[in-house]
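Report on the following structure.
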Amino acid sequence: MKKHFLKTLLLTATLIFTSLGVSFAEPKKGGTLIAAVGNNPRHLNPAVQSGIVTGFPGAQLFATPIRYDNNWEPQPYLAESWDISDGGKTVKLNLVKDAVFHDGVPIKSSDVKFSLETIKKHHPFKTMFAPVVSVETPDEHTAVLKLSSPHPALMLAMSSQLMAIIPEHVYGDGQDPKTHPQNSENVVGSGPFKLVEFKSGEHIILERFDDFFIDGRPYLDKMVLKIIRDPATRTIGLENGEIDFYAFENVPTNINRLKKNANLNVTPDGYAAIGPIDWLAFNTKSGKTADVNVRRAIAYAIDRNFILKAIMLGVADEARTGIHPGSPYYEPDVEAYDIDIDKANKILDDAGYKKGSDGMRFGLNVDFGWPGLRPNAEYTKAALKKIGIDVTVRQSADFPTWAQTVSNHNFDLTWDTVFNWGDPVIGVHRTYQTSNIKKGVIWSNTQQYSNPKVDAIMEKAGVENDMDKRKALYSELQKMLANDLPVYWTNTLPYHTIYSNKVGNPPMGIWATSSPMDMTYIKD
Amino acid sequence: MLLVLLVVVILNFLMLHLAPGDIADTIAQTMGGADEQDMAELRKQYGLDQPFFIQLFNYVVRVALLDFGQSHFYNLPVFDLIMERFPATLLLVFSAQILSLFVGILLGVYAAQNPNGLSSLFVNMFSLFGYAAPVFWTGILLLIAFSLHIPIFPVSGMRDITIESGNFFVHFFDVLKHLFLPMITLASIFFAYYSRLCRASMLEVLGADFVRTAKAKGLSKKNVLLKHALKNSLSPVITFAGLSFSAVVSGAILVETVYSWPGLGTLAFNSIISRDTPVLLGILIFSTLMVTVGNLLTDLTLKALDPRIKI
Numbered sequence: 006m007k008k009h010f011l012k013t014l015l016l017t018a019t020l021i022f023t024s025l026g027v028s029f030a031e032p033k034k035g036g037t038l039i040a041a042v043g044n045n046p047r048h049l050n051p052a053v054q055s056g057i058v059t060g061f062p063g064a065q066l067f068a069t070p071i072r073y074d075n076n077w078e079p080q081p082y083l084a085e086s087w088d089i090s091d092g093g094k095t096v097k098l099n100l101v102k103d104a105v106f107h108d109g110v111p112i113k114s115s116d117v118k119f120s121l122e123t124i125k126k127h128h129p130f131k132t133m134f135a136p137v138v139s140v141e142t143p144d145e146h147t148a149v150l151k152l153s154s155p156h157p158a159l160m161l162a163m164s165s166q167l168m169a170i171i172p173e174h175v176y177g178d179g180q181d182p183k184t185h186p187q188n189s190e191n192v193v194g195s196g197p198f199k200l201v202e203f204k205s206g207e208h209i210i211l212e213r214f215d216d217f218f219i220d221g222r223p224y225l226d227k228m229v230l231k232i233i234r235d236p237a238t239r240t241i242g243l244e245n246g247e248i249d250f251y252a253f254e255n256v257p258t259n260i261n262r263l264k265k266n267a268n269l270n271v272t273p274d275g276y277a278a279i280g281p282i283d284w285l286a287f288n289t290k291s292g293k294t295a296d297v298n299v300r301r302a303i304a305y306a307i308d309r310n311f312i313l314k315a316i317m318l319g320v321a322d323e324a325r326t327g328i329h330p331g332s333p334y335y336e337p338d339v340e341a342y343d344i345d346i347d348k349a350n351k352i353l354d355d356a357g358y359k360k361g362s363d364g365m366r367f368g369l370n371v372d373f374g375w376p377g378l379r380p381n382a383e384y385t386k387a388a389l390k391k392i393g394i395d396v397t398v399r400q401s402a403d404f405p406t407w408a409q410t411v412s413n414h415n416f417d418l419t420w421d422t423v424f425n426w427g428d429p430v431i432g433v434h435r436t437y438q439t440s441n442i443k444k445g446v447i448w449s450n451t452q453q454y455s456n457p458k459v460d461a462i463m464e465k466a467g468v469e470n471d472m473d474k475r476k477a478l479y480s481e482l483q484k485m486l487a488n489d490l491p492v493y494w495t496n497t498l499p500y501h502t503i504y505s506n507k508v509g510n511p512p513m514g515i516w517a518t519s520s521p522m523d524m525t526y527i528k529d
Numbered sequence: 011m012l013l014v015l016l017v018v019v020i021l022n023f024l025m026l027h028l029a030p031g032d033i034a035d036t037i038a039q040t041m042g043g044a045d046e047q048d049m050a051e052l053r054k055q056y057g058l059d060q061p062f063f064i065q066l067f068n069y070v071v072r073v074a075l076l077d078f079g080q081s082h083f084y085n086l087p088v089f090d091l092i093m094e095r096f097p098a099t100l101l102l103v104f105s106a107q108i109l110s111l112f113v114g115i116l117l118g119v120y121a122a123q124n125p126n127g128l129s130s131l132f133v134n135m136f137s138l139f140g141y142a143a144p145v146f147w148t149g150i151l152l153l154i155a156f157s158l159h160i161p162i163f164p165v166s167g168m169r170d171i172t173i174e175s176g177n178f179f180v181h182f183f184d185v186l187k188h189l190f191l192p193m194i195t196l197a198s199i200f201f202a203y204y205s206r207l208c209r210a211s212m213l214e215v216l217g218a219d220f221v222r223t224a225k226a227k228g229l230s231k232k233n234v235l236l237k238h239a240l241k242n243s244l245s246p247v248i249t250f251a252g253l254s255f256s257a258v259v260s261g262a263i264l265v266e267t268v269y270s271w272p273g274l275g276t277l278a279f280n281s282i283i284s285r286d287t288p289v290l291l292g293i294l295i296f297s298t299l300m301v302t303v304g305n306l307l308t309d310l311t312l313k314a315l316d317p318r319i320k321i
């Protein structure tokens, strides 16, 4: 009995100590994170350059007023608190008091005003701050945003890489901020890391900013971002331990291969706000696809499960609408167009598209936006043959070639990957708004889809501050879009983050590496 | 040569002009979206809204004044962008060329001694394999072998940025270590050319009268082979090496991509797909320069081999 008691005591003690050990595992300070990036950024100033490539270094160099946790809840960052009043038309930001830029100059409310105005003028996502009429600065640490209408997208637009606070005394010197020399060299930021060196095509080296406004952070001393364009080389680098961290991996074979490595962790978490969705877009204005029956028949003939299993090899998620499944606004209860060849054939028969002697009804072209979508295009050809549509796969030489074809509306079908960018107002509305049919502009409403009812719902949802009411509006929107089918959404682009066992706290929030990595650390 | 350059510049400009899309589209791509006014503004800023001939004229005038201009994509001076990467490409191209010549000639001489033997067959197969295999595939294969399974060489880049030592030799060996695999990969394409050429040329020379005389004089086999036969059979190999210099430069593009070698190749590729005309023009001039220097070196080598040749 005594022996048994001792044994139990020992076991309990061990258990307690181990659990203590886990819960008190303080992030270790110091160390260098070697990360890979797949592309060369144009420059490092996210205020005038969007995109995930600039986003990674950009979010480390520049702080934003707020940041988001893993559950889409806004958290204080450069703004320690905020008040929304006047029915959502006045937003007051109370800035952290002792924050300084990398050159030691204090961050003031006038810098917030300057940053917002610069972004509003030069950032491609005009919807982010369109309703902001003015920014008042009653004192150095208070910025008051005056809006013409309530704007629920504002919170997300003030996070991640989207509202970088840039110093007015550097970027407000009269030079064009888009081509400012300090966008690439001698960057003066406000974030947890400062720039040591940016060698185009080679690497970006970032170093801990000692006077960062959150005490004790960041944990890392240094971040080295190696620019490695070749996916196979990156994979080998991760496998042999030369690279600790890589985000935005989307090649299914690489993901599955890396999952087998015991030294590496592979996770799809962290991309909900980036929200990348693969879809088949239709030309709804001209050609056979202008007929909604044709679009529906095509959707019924394409097997989403085949794409998920055979092309994406099980690493991607189903996406039934244009809103990412990770978003609180996602509505899965819509017409999903599960595979039904008979129904597809019947729809076409009823609509009067008779099969010719060769078994074909008519021909269509399918384009694709980037090489990763080639299998989808090839599959489309095979799938639509079953319902008598003769598909020609058109290969574009490169992105600008494809962009010209699609943005000038010279297409029938095209596979594409489009990002949500946080709030639907920023990255979802643009695909379906009648007012956004803009010839020559890629990722506008290139489908030329127009439905006044859909326009009205989006307008309402864009100014609805009540979360539940807003969800209901977006639910209705997704159902209507699934019915009209300007786009057939299939799956999320399988972005994955790969990190070695020695990396603690990799960015798992909604913005992936487009968020500050001040809490990431290297274990012993 | 200036005329050639002018024609090259005009052709290059024409080709880029014929390609659909422009810098405004590629910037929209990196941005994940675009705004109409921004795109129009960009086109105006870079003179893309001007008529074709005015654009061409401005372009040629700039070249004539040796003004490389600003990169549209990176907003950096083209000259700086190129100078940053030029040494890396130079190092890769010259070291690969020298290695492939050295190994190629060695294999050729070896194979020529017993032209129908098993060793000759082996040399042929080995070199043809390097020639036939796509260079990016060879590159990845070498990476899997020597970076993953036998981790001797690093996978990417040109130097280890975590090295803090100021010692020159530490850095020298670091670069050498990074250079090894890209150099072999690029050289592997040309082993076949040089070894086969050298073998054929050696066979011809070995049957010549002066070789028989040398043998009859009682010279050692080594002496006959290297001093008499090889020296006289090298000129076609060297001439061909000069001619293939441009091919080495273009092969460097793929090798640089696989190994993330920070050279001109990746920059050239990027500037084509992003329609960054000024950068491509700059690279063109530098490549021309590189090929010209390569040809000059070839001529000098030929003269050293055969004093009858006049430059």
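Protein chains in written order, with the working numbering: chain V, 6 to 529; chain X, 11 to 321. Idealized CB from N, CA, C, for every residue including glycine. Just so it is clear, the structure is predicted and the values come from calculations on it, not from any experiment.
- If you draw a 10 Å sphere on the C-beta of Trp147 of chain X, you find fewer than 16 other C-beta atoms in it, and that means exposed.
- For a Cβ distance threshold of 7 Å, residue set His208, Ile210, Val229 of chain V lies close to Ile171 of chain X, ordered along the chain.
- Restricting attention to V:Ser164, V:Met160, V:Pro182, the CA atom closest to the CA of Glu122 of chain V is found in V:Pro182.
- Each of V:His146, V:Phe198, V:Val110, V:Gly43 was checked against the Cα of Ala68 of chain V, and the nearest Cα belongs to V:Phe198.
- For the pair of segments examined, the stretch 45-54 of chain V was found not to touch the stretch 255-274 of chain V: the number of CB pairs separated by less than 8 Å stays below three.
- Bounds of any beta strand (DSSP E) do not take in Lys131 of chain V, whose DSSP letter is neither H nor E.
- Between Trp420 of chain V and Ala382 of chain V the beta-carbon gap is near 5 Å, inside 8 Å, which marks them as a contact.
- Against chain V, the CB of Tyr56 of chain X has no partner CB under 7 Å away; the residue lies outside that interface.
- Residues of the same chain with their beta carbon placed closer than 6 Å to that of Ile20 of chain X are lacking, with the five preceding and five following residues left out of the count.
- At least one CB of chain V lies nearer than 7 Å to the CB of Tyr84 of chain X.
- Taking a Cβ-Cβ threshold of 8 Å, none of the residues of chain X is close to Pro62 of chain V; the smallest such distance is about 14 Å.
- A contact between stretches requires three or more CB pairs, one per stretch, nearer than 8 Å, and the stretch 31-44 of chain V meets this requirement with the stretch 240-258 of chain V.
- In this chain, the alpha helix (DSSP H) harbouring Lys390 of chain V covers 379-390.
- Out of V:Gly36, V:Arg47, V:Thr397, the CA that lies nearest to the CA of Ile33 of chain X is found in V:Arg47.
- C-alpha of Thr132 of chain V to C-alpha of Val430 of chain V: approximately 7 Å in a straight line.
- In the same chain as Lys359 of chain V, and ignoring 5 residues on each side of it, the C-beta atoms closer than 8 Å to its own belong to Arg366, in chain order.
- By the Cβ neighbour-count rule, Val268 of chain X is buried, with 16 or more other Cβ atoms within 10 Å of its own.
- Look at Asp316 of chain X: its C-beta is not under 7 Å from any C-beta on chain V.
- The closest CA to that of Val256 of chain V, considering only V:Met317, V:Ile233, V:Ile462, is found on V:Met317.
- Ranked by Cα distance from Arg213 of chain V, the options V:Met522, V:Lys528, V:Asp529 are led by V:Met522.
- In this chain, the alpha helix (DSSP H) harbouring Ser129 of chain X covers 128-142.
- With fewer than 16 other CB atoms across the displayed protein chains lying within 10 angstroms of its CB, Gly361 of chain V is exposed.
- In this chain, the beta strand (DSSP E) harbouring Leu200 of chain V covers 198-204.
- With contacts defined as CB atoms closer than 7 Å, Glu481 of chain V and Ile462 of chain V qualify as a contacting pair.
- Partner residues in the beta bridge of Ser505 of chain V, as assigned by DSSP, are V:Leu269.
- Secondary structure of Tyr84 of chain X (DSSP, three-state): coil.
- Here Asn99 of chain V is bridged, per DSSP, to V:Ser86, V:Thr147.
- Beta-carbon to beta-carbon, Val320 of chain V and Asn261 of chain V are separated by about 7 Å, close enough to satisfy the 8 Å threshold.
- For the pair Gln180 of chain V and Ser81 of chain X, the Cα-to-Cα distance works out to about 17 Å.
- The beta carbon of Leu244 of chain X sits closer than 6 Å to the beta carbons of Leu315 from its chain, once the five residues preceding and following it are set aside; these are given in chain order.
- Per DSSP, the unbroken beta strand (DSSP E) holding Gln80 of chain V starts and ends at 79-81.
- Of V:Arg309, V:Pro333, V:Tyr334, the smallest CA-CA separation from Asp322 of chain V is found for V:Arg309.
- Taking a C-beta distance under 7 Å as the contact criterion, Pro281 of chain V and Phe424 of chain V qualify as a contact pair.
- Along the stretch 42-72 of chain V, going in chain order, the ones with a CB nearer than 9 Å to a CB of chain X are Asn44, Asn45, Pro46, Arg47, His48, Gln54, Ser55, Gly56, Ile57, Val58, Thr59.
- Residue environment: Lys443 of chain V is assigned as buried (16 or more neighbouring CB atoms within 10 Å of its CB, all protein chains considered).
- Setting aside the 5 residues that flank it on each side, Lys125 of chain V is surrounded in the same chain by Phe134, Val137, each with a C-beta closer than 7 Å to its C-beta; the list follows chain order.
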